[in-house]
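Note that the numbering used here gives residue 1501 to position 4 of the sequence shown, counting from 1, and the numbers run on in steps of one. First comes the structure, then the notes that go with it.
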Amino acid sequence: MSCYLGFFGPFGTFGFFGLPFGFSVREFPELPGVVSFSFSIWDFPELPGVVSLAFLRACQASGLSLFVLLLTYQTPLLSHKSFFSTSLSRNMAAAQKSRSVVKKVYAVETPEGEGVLVRRSIGSMSLRKLSPFLMLNHFHISKEDEPEPNGLQLWINLPKQYKMMEPNYQELDPKLIPTAYPEGKDGPTQIKVISWKSYGVESPVKPYGGCWYFHVNMSKKGSSIFQEISVDWTVFIYLFKGTATVGDETTPNEKYYTLVLDSGKDGETGISITSAEDGMEFVIVASEPLNQPVVQYGPFVMTSA
């Protein structure tokens, strides 16, 4: 799957990043209740011929960041080889305690413009405030000539010290993106590291305010990841394909739901997510909440009128 991430600023600015591949991944298979577990460090040299098209676009201007993730499909990736393996003794349950879902919001599909259907969760009446996130749109464009008819659009409020910064953007090669493979290159799980870091793979993009943004594909039922998240950060998961459980849940969450997680108290170091069917796809987004007023007029987002 290819990923696109974009920004449209209040001054009509538009910028984009493409992200380079990362090929070193640490694998920590999650074995709940097992004291002894093994981990491997994998080496992924550059693989020519892998069909992976991706853009990352990002920009900040006048108090607002807006990210757009467009979704397409690609051919299967190639295999990997491990160069180091060892065994450790550790209490996995204590080391990887997952946050829990505290709110679920279904994104109802509504028309918005000619040929455009939008599912909005964050920013709707059901989930009006989720600092620093302002809006999350999952859109579909019903035009035959549109190369990227589906996507996610995320609006993020900026910390007040960056409100009057100059609009900016970077551009990188669209064929490259940092990707983590928690179970190895030929495993069922792939994590596109759009912003920040996952499983040892780090994105060069670190937006103002510190937003983490991961696009996860799980091809097999029962696949699981544990993503570490900073304590007290706001975290949500948006499911747009398949079903999954979070933490100790036994009932799977359906697609088109936005799942808001708790604040990470009592030793909860991250999020455990398990696919409940083949072909699961979702995003994890996290950022530090802002203790500041929100005064919004269209695309302008400030702290006072």
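Just so it is clear, CB atoms sit at the ideal spot from N, CA and C, and this is done for glycine as well. Here the structure is a predicted model, which means the values were calculated and not measured.
Residue i vs residue j beta-carbon contact at 8 angstroms
i	j	result
H1637	L1614	yes
S1716	D1775	yes
T1742	L1624	no
F1723	F1779	no
T1744	M1777	In the sequence as displayed, the identity of residue 1744 is Gly instead of Thr. Against a cut-off of 8 angstroms, the Cβ pair of M1777 and G1744 comes out as no contact.
G1648	M1632	no
R1616	V1605	yes
I1734	I1781	yes
K1594	E1765	yes
N1665	V1798	no
V1602	S1618	yes
Residue i versus the options, residue with shortest Cα-Cα distance
i	options	result
I1726	S1784, S1618 and I1653	S1784
P1685	A1677, S1639 and I1691	A1677
W1709	V1698, G1719 and K1694	K1694
H1635	T1766, P1646, D1642 and K1626	P1646
G1706	D1683, Y1735, D1745 and Q1658	Q1658
N1714	E1641, G1620, E1746 and I1770	I1770
E1680	G1719, M1662, S1692 and L1649	G1719
Q1793	K1626, T1747 and V1602	K1626
Boundaries (first-last residue) of the beta strand (DSSP E) holding residue i
i	result
T1800	Segment: none, T1800 is in no beta strand (DSSP E) and carries neither H nor E.
R1616	V1613 to R1617
M1715	W1709 to M1715
M1777	M1777 to S1784
P1685	Premise fails: P1685 is in no beta strand (DSSP E) and is neither H nor E.
K1601	V1598 to Y1603
W1693	Careful: W1693 lies outside any beta strand (DSSP E) and carries neither H nor E.
N1654	N1647 to N1654
K1738	T1731 to K1738
Y1754	Y1754 to L1758
E1725	S1721 to E1725
A1741	A1741 to V1743
Whole-angstrom C-beta distance between residue j and residue i, which should lie under 8 angstroms
i	j	result
T1800	P1786	Rounded, the Cβ-Cβ distance is 14 angstroms, inconsistent with contact.
T1731	S1628	6 angstroms
I1688	F1711	5 angstroms
A1773	P1749	4 angstroms
Proximity test, residue i beta-carbon vs the ligand NAP heavy atom, cut-off 7 angstroms
i	result
V1713	This structure does not include the ligand NAP; it has no bound ligands of any sort.
Any C-beta of chain D under 8 angstroms from that of residue i
i	result
S1623	Absent from the structure is chain D; it holds one protein chain and no more.
Problem set entry | Meets three-Cβ-pair contact criterion under 8 angstroms: the segment 1754-1770 and the segment 1690-1703 | no
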